[in-house]
Structure formats: C-alpha cells, structure tokens
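Taking it in order: structure first as structure tokens, then the write-up.
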Amino acid sequence: MIRAPIVISSIIWLFVATCTIHCWPLPRNVCNSPFALRDSSKPTTVVGNGQPGSCNQNSLSAALLKGGIITFNCGGQPVEIAINTELQVSKDNDTVIDGAGIVTLNGLGITRILKFDRGDFRYSTPTLTIQRLRFINGRCQDSDGGCAILQKNGGTTIVVSSSFENNIGPTVGQDVAGGAIWTLGGGDTTIVGSVFQQNKCSNGGALGILGSGLYIYNSHFQNNQATGNGGNPGNGGNGGAISFDGRGRNNTICGTRFTGNQANKYGGAFFRVSYNGGEQNNFDVVLVDSNFISKDGNGLAGGLYIQGGSASILNTVIANNSADGAGGLFLANEKSVTLNKVNFLDNKAYTDGNGLAGGLYIQGGSASILNTVIANNSADGAGGLFLANEKSVTLNKVNFLDNKAYTGLGAAVFCSSPVSGTFSGLTVANNNAGAFGAAFAFCSTSVTLSNSIIANNTVGNPWPANACTSMMNDGTGVIQSPNSKQSPANGADAPCTNGSVKVENNISVELHKTSWTIQAIGAQVVYSGPTVVPGL
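Counting from 7, one number per residue, gives the positions in the sequence shown under the working numbering.
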C-alpha cells in the first residue's frame, strides 16, 4: 500500500486515527474548497450546562427541531452522547451543528442518528451543516440507508472536519445506499476535510448519492464496503466507498484518498452512473490505492467505475487495485475523457482465464491520455490499457512499462475495433504477453503512431509477432527493438507501422520504481515520467 502519497506536483499527507475527533490528524488542505467552518460564536442553542451528563439525547433533539446554530457545553473534555432513536433535524430552518472536535454521537448499533427530510426533492433549502463532529455505530434497516445522516427529499448537506466510523446499513438491496450518509435530491452534498472508515451498506459503503451533486475536498475514505451483490438490476454491491447516481448532477473530488475499500460488483472505491451525457466527473490530486472487487463476483473496476457523462482525472495515482476486469479504472459511454498526469501502477484483473484490462478500460466517445505512466499492471489479456469502440483517441507522452497479459494479447495496449486516433511520444517497453502482440494488439491503420520507442516486448508464443499484431499508420519517428525473434531462427519481428520504422537491436529501458521515471540506453525517450510520484 502507498503510505505517503506524493502526487505529481502536489503533496497529500493523509492519516487516520481511531480516537476522539479532538486528536484526529485530519487531511491537510491540498485543494481549495468552497466551504470552511461556519462561525458558531453566537449559537441559537447551547446543548449542556457544563456537565458531561447534561449533553444528552433529549437536549440535542430539542435543539435540532428548532434549527439554527447548535453548540455544546459539556465540560471541555471529549464526550459521547448515546442515541437510541433517530433525531429529526428542522425541515424549515438552516441548521449548523458544531461539535468543536470533542463530541461524538453514538448510535449504539441500534438506530440511525440524524434524519433531515425536507419533504420535496426539488428544493435545495434548508441547509444542514455538520462540523467538527464524530458519528459512530449508526444502524438502519429500512430502505433508505444513511445510518449516520439521512437527507431525504430535498435540502443541502455540508460536512466539514468530521468523522464517520462503523455506520452500517442493510446488507443487500438494489437502491439502498450510504452506510454513513444518504442524500436524495435537493442541492449538493459537500464533504470537506473529513474521514470515513469501516462503514457498510448494500451500495456506497460510506456515501450514497441520488439526484444530488457531490463535491469532496481533502478527505479520506478507508476500509468501507458495499455489501450487496449482483449490481443494479440486482441487489447492490456498487461503490465500496461511494455510490453516486444522478441525472444532470456533477461530481468533483480533490485532494482525497481512497484506500482499502471493497465492493462486490462495480467500483471498489467509487461508482457513478449518469444519463444525459452532460454530467461532469472531475478528479484532481486523488489517491486510489488497494481497493478491490470481491473475487468471483464477475465485477469491474477495483478503483473507479464511471459510466456516462465526461471524465477529467488529473494529478492522480491509481495503484494496487484489483477486480475481475478493469483493475484500476473503468470508463464507459463517456462523452469525453481526459487523463493528465495519472499513474496506473500495479493494478490487476484477476487471472482466472477471463480477466481483461489490468490498468484501465475506456469505451466510447473521445479520450485524451497525456503525461501518464501505465506500469506493472496485469491481466489475462490487455494488461495495461483496453480501448473499445473509441472514435478519437489521443495518447501523448505515455509510458507503458512492465505490463503483463498472462494468457492473451496486448500487454500494453489492446484496441477493440473500431479504434482511431493518434499515438505520439510513447515508450512501450518490457511488456509481456502470453500469446503475442505484447506492445499493441489489433491497433490498425486507423491509428497513427509517431515519435515512439517500442522495445523489448516479449511473448510466450515465439512464432507470431512479438510487439504488434498489426501495422498502424506511420507518422515517422518510430523506433522498434529488437529486430530478431526467437523463432524461426534469425527471423525479423513484424513492424508496428506501415512506414519506415527504425530498427535497433541494443535499446534497453529501465523503470525506476522509486520515482516511476524511465531511463533508456540506445534511444532518447520523449517523456521520462513524472518528476514527483509516490514511493511504495
């Protein structure tokens, strides 16, 4: 697991401690968020009179029904308030609850903690703001989810510097989501500087979002689980940390870490479906590390699953994730995709004879992948990148190194027809395919390849082409090494383009796994890799 992620030019130090919020080392402000702590110096209601016992469920319930700014006077030391029945939040007034970093609300494993029901999903008011508060052991068994906070039928929820632990919703259910928080309709859901760990629900182990926008900054999702099965239709299992379903609603995640989350069907860390093609999915300075889909569930996307809309992923590391297919990232039916300065490292599709796309899978629309490293990913076929039905693909300054297709083709890149576009400034080296086509499989003359190095790619079957199964259109400046093959003796490997490929026999490319940069002997690479990347 990546312990101290350093992503491109930005640094994230994210730690989690299981203690009162007062001693949490919450994520640093890597990204600017639109929300900070609300001023609570002039509260509407103060819960408690200075004694710990005065901070109780009854006094908090009365304050919540009134709304306004709520603070606590519990004696200045960490206090835990036992909640044995769900508390209703005002549906008429804005509410701010400020725990000052020392208040924990404990659902005792028997009840939802807060319910905020506006009554009409079309309205974004009022707003519930949670800050410096800890929610633990919420439990709900109805069809709504949201065992710490349920925002239902409109309204807006903002969470700042808070923690959610061990909140558990129904194990199975097609549309049940959000072990910690479930929001339905209304305005946006915004999470800032907060931690979610060990929450569970059928979908969206931590967060379930339906018909709301989603904005997350400087937060950490760890060891959450989507416990359902079969997907949708089915009984859930989508989005180990987050399940997001929303027509016309956008998503931004910045400065955030997803580690150790698990799902049974789609999206070990994150699951998103959208419908009208205009929805935006934006990720910047994000770590997606060691998330997974349970084996043998025929599931996809150990890291991120995004279907529909457009996707922009920048300055991000996607590493050590696993699934039956698309170990790191799954993108389908996207209007457009932009990946810039993204590292796909050590992701895998399970090797059961059918696993495809160890690193990432992209289907439909247009895609642009820039300044990216795709290394050490593995699958039965298409170890690095699987492109399906992509009408316009740009790969520029991308390094494919040490990827493996154990039994199939396309250890680095697999093109499932029709794929068209331009590939330039690539270094494709040291990839291995069990069959043939270790560098490129089925990428044809509808793709133009230029200014690239294809070196030392090997196959398990020595007779067919080592590097490329078919020729791409030649854009000049392509170097291919070596020229010789194991069999037949002194045979020449098939060229990767239909033009004047320069053949060399003494090129070596080394991947430095501390910096994820490359060094080549015998040729000049176009892109050496990121200048600052995570150490493993």
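Even for Gly, the Cβ is constructed at its ideal location relative to N, Cα and C.
### Task
To the nearest angstrom, report how far apart D386 and L320 are at their CA atoms.
Indexing the sequence shown from 1 puts residue 386 at position 380. Indexing the sequence shown from 1 puts residue 320 at position 314. The alpha-carbon atoms of D386 and L320 are separated by roughly 28 Å.
### Message
According to DSSP, is G427 part of a helix, a strand, or is it coil?
### Response
Taking the first residue of the sequence shown as position 1, residue 427 is located at position 421. Note: G427 maps to strand in three-state DSSP.
### Query
Among the residues of its own chain, which have a CB less than 6 Å from the CB of F336, if the five just before and after it don't count?
If you number the sequence shown from 1, residue 336 lands on position 330. Correct list, in chain order: L306, A307, Y311, Y367.
### Query
Can you check whether the CB of N99 is closer than 8 Å to the CB of N2?
No statement about residue 2 is possible, as the shown extent of the chain runs from 7 to 542 and does not include it.
### Task
Give me the Cα-Cα distance between T378 and I87, rounded to the nearest whole angstrom.
Start at 1 with the first residue of the sequence shown, and residue 378 comes out as number 372. Start at 1 with the first residue of the sequence shown, and residue 87 comes out as number 81. T378 and I87 have their C-alpha atoms some 48 Å from each other.
### Message
If you reduce the DSSP assignment to three classes, tell me which class L415 lands in.
### Response
As a first step, residue 415 must be located in the sequence shown, where it is residue number 409. Coil.
### Query
What residues match up with E285 in a beta bridge as DSSP calls it?
Taking the first residue of the sequence shown as position 1, residue 285 is located at position 279. E285 is bridged by DSSP to nothing; it lacks a bridge partner.
### Query
Under a three-way DSSP split, which group does N72 fall into?
Residue 72 sits at position 66 when you count from the first residue of the sequence shown. The residue asked about is misnamed: residue 72 is Lys in this sequence, not Asn. For K72, the secondary structure class from DSSP, reduced to helix, strand or coil, is helix.
### Task
Would you mind working out which of F41, G535, G497 sits nearest S200, comparing C-alpha positions?
Residue mapping note: residue 200 aligns to position 194 of the sequence shown, counting from 1. Comparing Cα-Cα distances from S200 to each of F41, G535, G497, the minimum goes to F41.
#### Entry: G161 vs G192 beta-carbon contact at 8 Å
To locate residue 161, count along the sequence shown from 1; it is residue 155. To locate residue 192, count along the sequence shown from 1; it is residue 186. Taking 8 Å as the Cβ cut-off, G161 and G192 qualify as a contacting pair.
### Query
For the stretch 428 to 444 against the stretch 470 to 488, are there 3 or more C-beta pairs whose distance is under 8 Å?
Inter-segment contact for the stretch 428 to 444 and the stretch 470 to 488 is present: three or more beta-carbon pairs are separated by less than 8 Å.
### Message
Check for me: the beta strand (DSSP E) holding W188 runs from which residue to which?
### Response
Stepping through the sequence shown from its first residue, residue 188 is reached at position 182. According to the DSSP assignment, W188 belongs to the beta strand (DSSP E) that extends over 187 to 190.
### Query
Among S96, S218, I164, E171, which has the Cα closest to the Cα of R128?
Within the sequence shown, residue 128 is the residue found at index 122, counting from 1. Taking only the C-alpha atoms, the option nearest R128 is S218.
### Query
Helix, strand or coil for S60 per DSSP?
Sequence index remark: in the sequence shown, residue 60 carries index 54 (1-based). DSSP, reduced to helix, strand and coil, places S60 within a helical segment of the structure shown.
### Query
Below 8 Å between beta carbons: does that hold for I52 and L70?
One-based indexing of the sequence shown puts residue 52 at position 46. One-based indexing of the sequence shown puts residue 70 at position 64. It is worth fixing the name first, because residue 52 is Val in this sequence and not Ile. Contact flag unset, no.
### Query
By a C-beta neighbour count over all protein chains shown, 10 Å radius and 16 as the cutoff for buried, is S39 buried or exposed?
The sequence position of residue 39 within the sequence shown is 33, counting from 1. Counting of Cβ neighbours within 10 angstroms places S39 among the buried residues, the total reaching 16 or more.
### Task
Leaving aside the five residues before and after F298 along the sequence, list all residues of the same chain whose C-beta is less than 7 Å from its C-beta, in chain order.
Start at 1 with the first residue of the sequence shown, and residue 298 comes out as number 292. Result list for F298: Q268, G274, G308, N327, S328, A329, in chain order.
#### Entry: Rounded straight-line distance, which links the Cα of I215 to that of L190
The residue you call residue 190 lines up with position 184 of the sequence shown. The residue you call residue 215 lines up with position 209 of the sequence shown. Pairing L190 with I215, the inter-Cα distance amounts to about 6 Å.
### Query
Residue ranges of each beta strand (DSSP E) run of no fewer than 3 residues wholly in the stretch 497 to 534, ordered along the chain?
Counting whole runs of 3 or more residues, the stretch 497 to 534 contains the beta strand (DSSP E) stretches 514 to 518, 523 to 527.
### Message
Can you look up S130 in the DSSP assignment and give me helix, strand or coil?
### Response
Position 124 of the sequence shown, counted from the start, is the residue given in the question as residue 130. Coil, per DSSP.
#### Entry: Identity of the residue in S296, V178, N172 nearest D150 by Cα
By 1-based counting over the sequence shown, the position of residue 150 is 144. Out of S296, V178, N172, the CA that lies nearest to the CA of D150 is found in V178.
### Query
What does a CB cutoff of less than 7 Å around A529 pick up in its chain, not counting 5 residues either side in sequence?
On the sequence shown, position 523 is the one that residue 529 refers to. Excluding positions up to five away in sequence, the list reads I459, I485, E510, I513.
### Query
How is the beta strand (DSSP E) around R263 delimited, first residue to last?
Locating residue 263 in the sequence shown gives position 257, counting from the first residue. It spans 257 to 265 - the beta strand (DSSP E) in which R263 sits, taken as one unbroken run.
### Task
Report the rounded CA-to-CA distance for G443 versus N472, giving the unit in angstroms.
Reading the sequence shown from its first residue, position 437 is the one you call residue 443. Reading the sequence shown from its first residue, position 466 is the one you call residue 472. Using only the alpha carbons, I get a separation of about 5 Å.
### Message
Checking 8 Å against the spacing of the C-beta atoms, do A373 and F392 come in under that value?
### Response
Along the sequence shown, one-based indexing puts residue 373 at 367. Along the sequence shown, one-based indexing puts residue 392 at 386. Contact flag unset, no.
### Query
How many whole angstroms separate the CB atoms of L139 and I119, which I take to be in contact at a CB cut-off of 8 Å?
Position 133 of the sequence shown holds residue 139. Position 113 of the sequence shown holds residue 119. The pair is not a contact, with the Cβ atoms about 10 Å apart (cut-off 8 Å).
### Query
Residues in its own chain within less than 7 Å of K403 by CB, not counting five upstream and five downstream?
Walking along the sequence shown from the start, residue 403 turns up at place 397. Answer for K403: L376, N377, G431, V532, Y533, listed in chain order.
### Query
Looking only at C-alpha atoms, which of D358, Y356, N353, A394 sits nearest to G371?
Against the sequence shown, residue 371 aligns to sequence position 365. Checking every option, the nearest Cα to that of G371 belongs to A394.
#### Entry: First and last residue of the uninterrupted beta strand (DSSP E) at L376
Reading the sequence shown from its first residue, position 370 is the one you call residue 376. Note, L376: beta strand (DSSP E), 372 to 381.
### Query
Hey, how far is the Cα of T482 from the Cα of N349?
Reading the sequence shown from its first residue, position 476 is the one you call residue 482. Reading the sequence shown from its first residue, position 343 is the one you call residue 349. Computed Cα separation, rounded: 27 Å.
### Task
Would you kindly work out how many angstroms separate the C-alpha atoms of V165 and S296, rounded to a whole number?
In the sequence shown, residue 165 corresponds to position 159, counting from 1. In the sequence shown, residue 296 corresponds to position 290, counting from 1. So the alpha carbons of these two residues sit roughly 26 Å apart.
### Task
Work out the CA separation of A441 and T454 for me, nearest whole Å.
Within the sequence shown, residue 454 is the residue found at index 448, counting from 1. Within the sequence shown, residue 441 is the residue found at index 435, counting from 1. When rounded, the distance between both Cα atoms is 24 Å.
### Task
Could you check what DSSP says for S249 in three-state terms: helix, strand or coil?
What you label residue 249 is simply residue 243 of the sequence shown in a count that begins at 1. Looking at S249 - three-state DSSP - the assignment turns out to be strand.
#### Entry: CB contact flag (L293, F250, <8 Å)
Mapped onto the sequence shown, residue 293 falls at position 287. Mapped onto the sequence shown, residue 250 falls at position 244. The Cβ atoms of L293 and F250 do not sit closer than 8 Å to each other.
### Task
Starting from V85, follow the beta strand (DSSP E) in both directions and report where the run begins and ends.
Residue numbering aside, residue 85 sits at position 79 when the sequence shown is read from its first letter. 85 to 88 is the extent of the beta strand (DSSP E) around V85.
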